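> So the protein sequences, as listed, match chains A and B. So for the first sequence, our numbering puts the first residue at 1; every next one is plus one. So for the second sequence, our numbering puts the first residue at 1001; every next one is plus one. Backbone N, C-alpha and C fix where the C-beta goes; we use that ideal spot for every residue, glycine too. Keep in mind the model is a prediction, meaning the values are calculated, not measured.
Protein chains: 2
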Amino acid sequence: MKTAGNFQSLTLRAVPEGRVVHPGTPLALIEGPLALAQLLETALLNHLTYPTLIATKAARIKESGQRQLLLEFGLRRAQGLAANAGARAALIGGADFTSNVGLSHALGLPPKGTHAHSLIQVFLALGLSEMDAFRAVAQEYPDDCILLVDTLNTLESGLPNAIRVFEELKRDGHQPIGIRLDSGDLAYLSIHAAKQLDAAGFPATKIVLSNQLDELVIWQILTQIGAEAPRYGMDADSIINRLVYGVGTSLITSAGDSALDGVYKLTALHADGIWQPTLKLSETSSKTTNPGHKALWRIYDDRGNATADLITLSSENPNPAEGIVLQHPTDPHKVRQLAPGICTRVEPLLQDIQRDGRLPAAMPDLPEIRRQRDADLAVLDPGIKRLLTPHRYHVSLSQSLWELKQSLIASSGNPKGD
Amino acid sequence: MKTAGNFQSLTLRAVPEGRVVHPGTPLALIEGPLALAQLLETALLNHLTYPTLIATKAARIKESGQRQLLLEFGLRRAQGLAANAGARAALIGGADFTSNVGLSHALGLPPKGTHAHSLIQVFLALGLSEMDAFRAVAQEYPDDCILLVDTLNTLESGLPNAIRVFEELKRDGHQPIGIRLDSGDLAYLSIHAAKQLDAAGFPATKIVLSNQLDELVIWQILTQIGAEAPRYGMDADSIINRLVYGVGTSLITSAGDSALDGVYKLTALHADGIWQPTLKLSETSSKTTNPGHKALWRIYDDRGNATADLITLSSENPNPAEGIVLQHPTDPHKVRQLAPGICTRVEPLLQDIQRDGRLPAAMPDLPEIRRQRDADLAVLDPGIKRLLTPHRYHVSLSQSLWELKQSLIASSGNPKGD
């Protein structure tokens, strides 16, 4: 196959970074010479799916931690060089900081982490003590002091020693940041660490949790703190509100779901001056493509909540004042009618990333991307954000698109292929 | 912390590429100034664990496919830039070729893949046929022709059309390579595709399988071909021996096990002219480190099979003529005595990767690495290679190392930390 045209003749429209997407939301539409568009398939899928996967995982973890501070700790366990794109995606999806120093520098963020167990080990091997190690950390980072308290015995050694060093820092006019728990029963230890810190006059110091965390482990830990804290005369919320999560392997590799199965399909061919819709049939109905030259919209309801994404033909312009019909992509009987007034806003979701070889004037920076993320998350019904068996957000077709799809299926004969 | 020394003062010893490793086999030992060695932690873990993970996954898939040709198809679904390191690791572990064009070029291998469904779609949209599309492929690649036969109907359209094009190629003196099945019941379709190809006089053309494959899916497909082929008058082995596997997502991301949980621990400190062993205790016995300045050996038995890896102190030199004692790393009661004559060979496993800033004269190339892999796999008992609940290969301690570990644990008090 010979390539025709050049990259100036490509138009790439995509859902911008920070926008929340759902199963079925198209991430990008590409228009250009066939051979060039085909060449892009692999690179685009790689660049769109992995960051979307990790941003989603970060959003889930942030949600499970009740939106407390989340640190990305995955560089050492990332899949090779995915570490950087993964950390950036985590920062977009829900992580506040990363321990990845290079990426933090590139994004203008301070890196965040703690000292290692090996620091304590070195002091011990040299005949010094855990306390000596803590004092050395405090001397080097008096205003940024986080102490890892589980090298010897968390409640009997690490924590009392940390509190002593915190008292010394406080006496010298510094504000200690917190402690880190990296092993043992994190729910039990959080309660007792909070109790000891409160008693010593450090109710504001943070408790950083790490050790094979993911959204389900965090959820369970918080549930157990909620149930157990009152037994020890503690208020669960005051503990939960001081927790910080350091999440490595599970976040950066999206453990359990290591890939987002994105596909790249031909949906229309420009021939004889018009867009000729094309269809890829499959025995699995949900894998049959949506044909034609298309547009993508987000529909907001009368509470201002995002209620569906709507895929239309590019010639359509959905109008809330006329009411909107949402057709399920495969089931003819699932049709939602949004009467005029129910749908308050229709927002186009795709933006130009490249048009005629040019990038848009300015790409949004990380704070702007995160504002978009927060805005999108705020208008989602809670059921959509449930960690297990979430309510499914509707990604629907317009009636015109549905009818085009049905007529192409009918004229294609027996569906096969996948 | 201020760094001391420079990278010339580091020595890095590692298990070379292509060597088979097991849970517990140390991958590398690093010796150098503390601060420098600490700086290396993250990069080394990242560079050692991900390729080891993917090479292992490739070896498992290759094994499940009865060592038939395995193609790595993961670039589009890889975790970002991990695609290249992942494809190279797959080629080391068991994949024969990759569809990653750039990496193939870098390694001097031909890339391997097939045309896409969209090629057929384009022909159909232009009023042409699947047969026209196949003829176009055959014309462009007469000696490298693989046809994807599942776009419309595999057995009724794709396969008969492919056979017609293969007959045309044969008439013109070319040898067609094969067909690819990317959907549907791959066991059933393999049997019937083989039957049709045999009947048409193409008993040697390959059948490439793809579509969410991994080692367990392949294992099931082969089991079902074994059970079903005779019903259709076919010999199962003749089918299995012509299969080729194209594996993408599961291989390049090691789906289900997306990270190898490697750790990097301080085990000795050079102070006062001697190596002072250090210990990191854990509530989980298997996470308590093996202390001291160490060496690593592979032990072969009287059948020539690898029977254990042995971690010793670096001052030890295990001698098969005297017999060898293998001590389980955590259970004092699990001791294996290899009498003189049982152990036929003791091989040092670590090689210098960097000594005093210098790399070894020559690094092995891919064919050499693969020869090492084949040699290592050939001397493993089959139970070790079982896909589910494999027999565990012994990674043992010498008695001197065990005694050192016990004495350090005893003098450390109550184990805590993880």
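Going by C-alpha distance, which of B/Glu1347, B/Ala1306, B/Ala1339 and B/Ile1054 is nearest B/Thr1312?
Closest in C-alpha terms to B/Thr1312, from the list B/Glu1347, B/Ala1306, B/Ala1339 and B/Ile1054, comes B/Glu1347.
> Please say whether A/His117 and A/Leu159 have beta carbons closer to each other than 8 Å?
no
> Between B/Lys1294 and chain A, is there a C-beta pair that is closer than 8 Å?
no
> Please list, in chain order, the chain A residues whose beta carbon lies closer than 7 Å to that of B/Ala1193.
For B/Ala1193, there are no neighbours in chain A by C-beta distance under 7 Å, as the nearest C-beta there is about 14 Å away.
> Near A/Ile177, which residues of its chain fall below 7 Å by C-beta distance, leaving aside the five closest residues on each side in sequence?
Exclusion of the five residues before and after A/Ile177 leaves Asp144, Cys145, Ile146, Thr205 and Lys206 as the residues of its chain whose Cβ lies within less than 7 Å of its Cβ.
> Under 7 Å Cβ-Cβ, which residues of chain A neighbour B/Asn1046?
Chain A residues near B/Asn1046: Leu75, Arg76, Ala78, Gly80 and Ala83.
> To the nearest angstrom, how far is it from the Cα of A/Glu316 to the Cα of A/Asp309?
14 Å
> Taking three-plus beta-carbon pairs below 8 Å as touching, is the segment 16-29 of chain A in contact with the segment 360-370 of chain A?
These segments touch.
> What do you get for B/Gln1121, buried or exposed, if any count of 16 or more other CB atoms within 10 angstroms of its CB means buried?
buried
> Is the beta carbon of A/Ala229 closer than 8 Å to that of B/Ala1255?
no
> With DSSP as the reference, label A/Glu31 as helix, strand or coil.
strand
> With a threshold of 8 Å between beta carbons, is B/Asp1214 in contact with chain A?
no
> Can you grab the Cα-Cα spacing for the pair A/Ile61 / A/Asp301, in whole Å?
27 Å
> In chain B, which residues lie less than 8 Å from A/Lys122 when you measure between Cβ atoms?
Rather than Lys, the amino acid found at residue 122 of chain A in this sequence is Val. Ordered by position in chain B, the residues that pass the 8 Å Cβ test against A/Val122 are Leu1034, Leu1266, Leu1269 and Thr1278.
> Taking Cβ to Cβ, would you say B/Gln1212 is nearer than 8 Å to B/Ala1187?
no
> For A/Glu283, which residues in chain B fall below 8 Å Cβ to Cβ?
Ser1183 and Gly1184
> Between the alpha carbons of A/Gly417 and B/Ala1085, how many angstroms are there, rounded?
Any reading at A/Gly417 needs caution, since the residue's pLDDT is 43, under 50, leaving its predicted position unreliable; the model's value is listed next. Looking at the two C-alpha atoms, the distance is approximately 32 Å.
> For the alpha helix (DSSP H) that contains B/Ala1162, what are its first and last residues?
Its alpha helix (DSSP H) spans residues Leu1159 to Arg1171.
> Would B/Ala1014 count as contacting chain A if we go by Cβ distances under 8 Å?
no
> In terms of alpha-carbon separation, which member of B/Leu1039, B/Glu1041, B/Leu1388 and B/Gly1113 lies closest to B/Trp1219?
B/Leu1388
> Would you say the segment 1120-1140 of chain B touches the segment 291-300 of chain A, given that touching needs at least three Cβ pairs under 8 Å?
no
> When DSSP labels each residue in this structure, what does B/Glu1063 get in the three-state scheme?
helix
> DSSP three-state label for A/Lys57, please.
helix
> Only counting the same chain, and skipping five residues up and downstream in sequence, which positions put a Cβ closer than 8 Å to that of A/Leu404?
Pro277, Pro291, Gly292 and Leu313
> By Cβ distance below 8 Å, which residues in the same chain neighbour B/Leu1169 in space, the five residues on each side in sequence not counted?
Ala1138, Pro1142, Cys1145, Gln1175 and Pro1176
> With distance defined between alpha-carbon atoms, name the residue in B/Tyr1393, B/Leu1155, B/Leu1048 and B/Ala1083 nearest to B/Ser1250.
Across the set B/Tyr1393, B/Leu1155, B/Leu1048 and B/Ala1083, the C-alpha of B/Ala1083 shows the shortest separation from the C-alpha of B/Ser1250.
> Using the DSSP secondary-structure output, state which residues sit across from A/Phe97 in a beta bridge.
A/Leu71
> Taking the alpha carbon of B/Ser1285 as the reference point, which residue from B/Arg1135, B/Glu1322, B/Ser1398 and B/Gly1024 has its own alpha carbon closest?
Ranking the options by Cα distance to B/Ser1285, first place goes to B/Gly1024.
> B/Tyr1050 touches chain A at which residues, Cβ-Cβ below 7 Å?
Gln79 and Gly80
> Give the secondary structure of A/Thr88 by DSSP, where H, G and I count as helix, E and B as strand, and everything else as coil.
Looking at the sequence provided, one finds Arg at residue 88 of chain A rather than Thr. Three-state result, A/Arg88: helix.
> Measure from the C-beta of B/Gly1086 to each C-beta in chain A and report whether the shortest distance is under 8 Å.
yes
> Does any heavy atom of the ligand SAH sit closer than 7 Å to the C-beta of B/Leu1048?
The model on display carries no ligand, and the ligand SAH is accordingly not part of it.
> Kindly indicate which three-state DSSP category A/Tyr393 falls into: helix, strand or coil?
Correct three-state label for A/Tyr393: coil.
> Among the candidates B/Lys1195, B/Asp1261 and B/Lys1265, whose CA atom is the shortest distance from the CA of B/Arg1231?
Minimum Cα distance to B/Arg1231 is reached at B/Lys1195.
> Within 8 Å (strictly less), CB to CB, does B/Leu1071 reach chain A?
no
> For a contact defined as C-beta to C-beta under 9 Å, what are the partners of A/Leu126 on chain B?
Leu1269, Ala1271 and Gln1276
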